[in-house]
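Trainee: So in UniProt numbering, the last spot in the sequence shown is 251, and the numbers never skip.
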Amino acid sequence: MTTERQERLLARVEDAFGVISVYEVDDYRFLEFGDAIEQSCVFTADPSWLEYDYTRAMLVGALCHAQPESALFLGLGAGTLTQACMKFLPLDDIEAIELRPDVPRLAMEYLGLDDDPRLYVRIGDALELLPTAEKADLLFVDLYTDHGPGVGHLAWNFLESCQQQLNPGGWLVINQWATDDGKPLGAALLRGLYHRHYWELPVKEGNVILLVPADLEQTLDLDGLKARAEALAPRLGYSLEGLIREIRPAT
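1. Under DSSP, the alpha helix (DSSP H) around residue 215 begins and ends at which residues?
2. Mapping DSSP to helix, strand and coil, what is residue 33?
3. For the pair the stretch 75 to 93 and the stretch 156 to 168, tell me if three or more CB-CB distances fall below 8 Å.
4. If you draw a straight line from the C-alpha of residue 231 to the C-alpha of residue 244, how long is it?
5. Helix, strand or coil for residue 21? Go by DSSP, reduced to three states.
6. Would you mind sorting residue 222 into buried or exposed? The rule is 16 or more other CB atoms within 10 Å of its CB.
7. If you measure from the beta carbon of residue 232 to each beta carbon in chain C, is any gap under 8 Å?
8. Leaving aside the five residues before and after residue 247 along the sequence, list all residues of the same chain whose C-beta is less than 6 Å from its C-beta, in chain order.
9. Below 8 Å between beta carbons: does that hold for residue 59 and residue 81?
10. Which residue or residues does DSSP assign as beta-bridge partners of residue 119?
11. In angstroms with no decimal places, state the Cα-to-Cα distance between residue 144 and residue 217.
12. Under the DSSP definition of a beta bridge, which residues are partnered with residue 43?
13. From which residue to which residue does the alpha helix (DSSP H) around residue 131 run?
14. Please name the residue or residues paired with residue 80 in a DSSP beta bridge.
15. Among 35, 251, 102 and 189, which residue has its Cα nearest to the Cα of residue 122?
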């Protein structure tokens, strides 16, 4: 006989964009937008634990950089990826731009996001605030609403600006939806914009993580990436090796 999972509502707020809820089920807490559209999942005992492959794949993207000192997150959510990057990477400066003011508050209050002195959260539209952000070694784009990817995921000027916001040697990591044939949403636009010079990491949640270097001269050091992932595995509590094997050139 299976016991029903008990779902407990911890918080619910309404803002100009709709409803944001935080639920608890057993050892996990979930951030939801709108009508049960899950945005983030947090393992309560360790908020830096990445439960889903797409977040782990974004961490793989971060490890493309040998020694990142600064990171910019466009879209904070529950902050699990931000938390993992703060814990496992040698970062000094971390900036996050989040559209909805209640999200960082809920993340800190219920979802274990550290009020770390290195982390600076700004509220507003990433498309508007990007030009005023600091240049970064790592830039993460994860702009999802309860209706799917935000407009930035397919906006040429914005995606171009993201790449230009990188320091030399930097990496842009985009959590992109996949189409039915497994290609990233907007594949033709991405190929044109980044001159086919990027890598893709498809994950089982139906997303493709895009790994875009700062410029055309910069390439993916797969051996270095594997070595960094292997060294980190004992601290992470899981291996990234299987994901790294899935990395492919731009489709």
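For each residue, glycine too, the CB sits at the ideal point set by N, CA and C.
Mentor: Answer, in terms of the structure:
1. Element bounds for residue 215: n/a, residue is neither H nor E.
2. strand
3. no
4. 14 Å
5. strand
6. Residue 222 is exposed by the Cβ-count criterion.
7. Going by chain labels, chain C is absent from the structure shown, which holds only one protein chain.
8. 199 and 201
9. yes
10. 94
11. 31 Å
12. Residue 43 pairs with 28.
13. For residue 131, there is no enclosing alpha helix (DSSP H), as DSSP marks it with neither H nor E.
14. Answer by DSSP bridge pairing: none, since residue 80 is not bridged.
15. 102
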